[in-house]
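Chain order of the listed sequences is A and B.
For the first sequence, UniProt numbering assigns the number 1 to the initial residue and increments by one for each residue that follows.
For the second sequence, UniProt numbering assigns the number 1 to the initial residue and increments by one for each residue that follows.
Accompanying notes for the structure given below.
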Amino acid sequence: MNFSWIFSYWPLLAAGAVQTVLLLVISVGFGFILAIGLALAQVIGPRWLKLLARGYCTCLRGTPLLIQLWLLYYGVGSLLPMIPGLRASFLWPILREGFFFAAVSFTLNYAAYEAEVLRGALLAVPKGELEAGRSFGMSSSTLLRRIWLPRAIRIALPTIAGEVVLQLKATPLAFTVTVMDLYAVAYKVRQDTLLVYEPLMVVTVFYVCLTLIITRAFKIVEAQVPVRR
Amino acid sequence: MSSSQSLLELLSPYPPGWGGVLLAGALSTVLISLGAYLVGVVIGLAGAIGKLKGNRPVRFVLDLYTTAVRAIPELILIIGLYYAGTDGLNRILAALGLPALEINGFVAAVAVLGIVQGAYMTEVFRGAILAVPVGQIEAAAAFGMRPRLRLRRIVLPALMPNALPGLANLWMCVTKDSALIAVVGYQELALATRIAAGNTKHYFLFFLASAALYLAITLLSNVVFTALENRFRRGQPKTA
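Written as structure tokens, this is what we have:
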């Protein structure tokens with residue numbers, strides 16, 4: 001076991017860790033917002049919107065994330081330069097990066113899984129609480145904002161914690177589209193130093209630590225809500 | 001961009017088209033998944049029984065196994081096990097004075113995915129066994145059934161309805177996780193697609209086609225698992 005390479009590679013490792021965390025935060029943050037819309041569309045939307053949202057969830061949950069990522073990066077990525085004027089615009093430096101495609105595909109994928117969780121949670125909110133809100137004269141948007149959504153999110157919290165950990169474990173896929181995330185750094189170290197296991201071990205420790213932090217954070221959030229047992 | 005006619009030709013199953021490569025890839029995806037799933041079921045059942053009935057060291061090792069596998073990203077696990085597994089096996093063989101073995105990519109893929117599946121299955125089966133009413137097992141013991149007969153006749157049939165939703169989930173997971181095998185270079189659907197796309201430069205078309213194939217596998221398995229669950233739940237009262 002040889003860990004002396006850490007001293008020369010730690011700036012890269014730190015940068016990789018930042019990329020991994022950034023990917024996680026972006027995909028969970030935007031994915032969650034998208035998921036709320038998708039879940040609401042499935043629960044209270046008109047029929048066509050319901051079908052659309054359900055179809056979206058089925059398609060994204062039914063295909064591997066790797067294929068979705070490659071479809072975006074290689075497929076859509078090869079079509080983008082054909083849009084006139086795009087390559088000259090200020091957006092191009094972002095749009096040509098693998099990071100952009102990884103963030104987009106992770107967000108879309110996370111939203112599909114999260115929407116299913118939220119859909120179940122929205123349906124699990126006791127009817128009486130919604131009726132109580134309505135009888136106080138709340139408009140449906142106030143009801144949604146003050147009662148339905150907060151209650152649903154609380155119900156879903158344990159599952160959301162699990163989903164976030166799963167999302168963290170999906171982020172190494174970004175290395176297949178040239179993102180220098182933590183795993184890609186480990187890969188580079190392996191190629192530079194010809195050490196097979198040590199870089200993987202260091203990276204693994206980081207992922208496990210991050211998992212522990214996420215679960216701990218969600219426990220704290222869950223403890224904020226008093227539960228009658 | 002060429003016309004839709006030539007796009008269809010690209011997907012045709014005969015050699016100028018790449019459809020045959022994709023279908024062969026899909027077949028090997030299904031085979032890898034099936035193999036890994038079976039390995040997972042065996043590990044899972046043994047692990048669940050070990051976790052429930054085993055002594056302290058056994059339970060500790062199993063806890064370590066399930067926690068580690070579930071906390072480490074699949075990609076790292078697969079790459080680590082793929083190299084560590086083949087390398088470790090050859091070292092053991094060398095220590096025993098046997099010649100080194102060239103491990104077949106298919107076997108390695110099945111073993112690696114099976115080990116990952118086994119950890120999740122252990123938890124699914126453990127939960128399902130715990131959900132079997134104790135009275136039924138006690139009744140079987142009172143009839144004088146040996147533990148093995150009890151497992152075969154009472155526990156296994158009674159736990160299947162509880163375990164099936166979790167097992168169906170895991171099957172969906174393994175079909176999609178098998179795409180990760182592409183990264184270590186064994187040709188299944190994901191890698192076949194990448195090769196076809198790289199050769200023809202029609203990235204969008206081929207990735208869309210393989211997404212459709214994966215979706216078809218998922219939807220078909222949904223039908224199978226619904227039928228299986230109905231079969232295993234026969235005679236049970238319907239809830240809700």
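Cβ coordinates follow ideal geometry from the N, Cα and C atoms, glycine included.
Just by C-beta distance, which residues in the region 172-196 of chain B are closer than 9 angstroms to chain A? M172, T175, K176, D177, S178, A179, L180, A182, V183, L189, A190, T193 and R194
Rounded to a whole number of angstroms, what is the C-alpha to C-alpha distance between R54 of chain A and I44 of chain A? 12 angstroms
Examine chain B for any beta-carbon lying closer than 8 angstroms to the beta-carbon of W5 of chain A, and answer yes or no. Chain B, which has no Cβ nearer than 8 angstroms to the Cβ of W5 of chain A, makes this no.
Hey, could you find the ends of the alpha helix (DSSP H) N169 of chain B is sitting in? Residues L156 to D177.
Which bits of chain A does L215 of chain B rub up against, with CB to CB less than 9 angstroms? T58, C59, G62 and T63
Which of the three DSSP states, helix, strand or coil, is assigned to L194 of chain A? coil
For the putative contact between Y56 of chain A and A112 of chain A, defined by C-beta atoms under 8 angstroms, what is the C-beta separation to the nearest angstrom? 6 angstroms
If I follow the unbroken alpha helix (DSSP H) through N109 of chain A, where does it start and stop? G98 to A124
Spatially closest choice to G118 of chain B from B:P99, B:L64, B:A211 and B:Y83, by CA coordinates: The candidate whose alpha carbon is nearest that of G118 of chain B is B:L64.
Neighbour flag for N2 of chain A against chain B, beta carbons, 8 angstroms: The C-beta of N2 of chain A comes no closer than 8 angstroms to any C-beta of chain B.
Where does V21 of chain B sit, in a helix, a strand or coil, going by DSSP? helix
Consult DSSP for F106 of chain B and reduce its assignment to one of helix, strand or coil. helix
Check the Cβ-Cβ distances between G85 of chain B and every residue of chain A, and say whether any is below 8 angstroms. False, the Cβ-Cβ gap to chain A never drops below 8 angstroms.
Check whether the Cβ atoms of A36 of chain B and V174 of chain B lie closer than 8 angstroms to each other. yes
Whole-angstrom Cβ separation of L65 of chain A and A170 of chain A, contact assumed at under 8 angstroms? 6 angstroms
7 angstroms Cβ cut-off: residues of chain D touching T218 of chain B: This model lacks chain D altogether, as its protein chains are A and B.
Just to confirm my understanding: we take I214 of chain A, look at its own chain, exclude 5 residues before and 5 after, and list those with CB closer than 6 angstroms. What are they? V164 and V165
Short of 8 angstroms in beta carbon distance, which residues of its chain neighbour residue 297 of chain B, apart from the five on each side in sequence? Order them along the chain. Lying before the first or after the last residue shown, residue 297 of chain B is absent from chain B, which here runs from 1 to 240.
Let me confirm a value: T226 of chain B is counted as buried when at least 16 other C-beta atoms fall within 10 Å, else exposed. Which label applies? The residue is exposed, with fewer than 16 neighbouring Cβ atoms inside 10 Å.
Taking the CB atoms as reference points, tell me whether A152 of chain A and L130 of chain A lie closer together than 8 angstroms. no
Backbone CA spacing between I217 of chain B and A24 of chain B [nearest angstrom]: 14 angstroms
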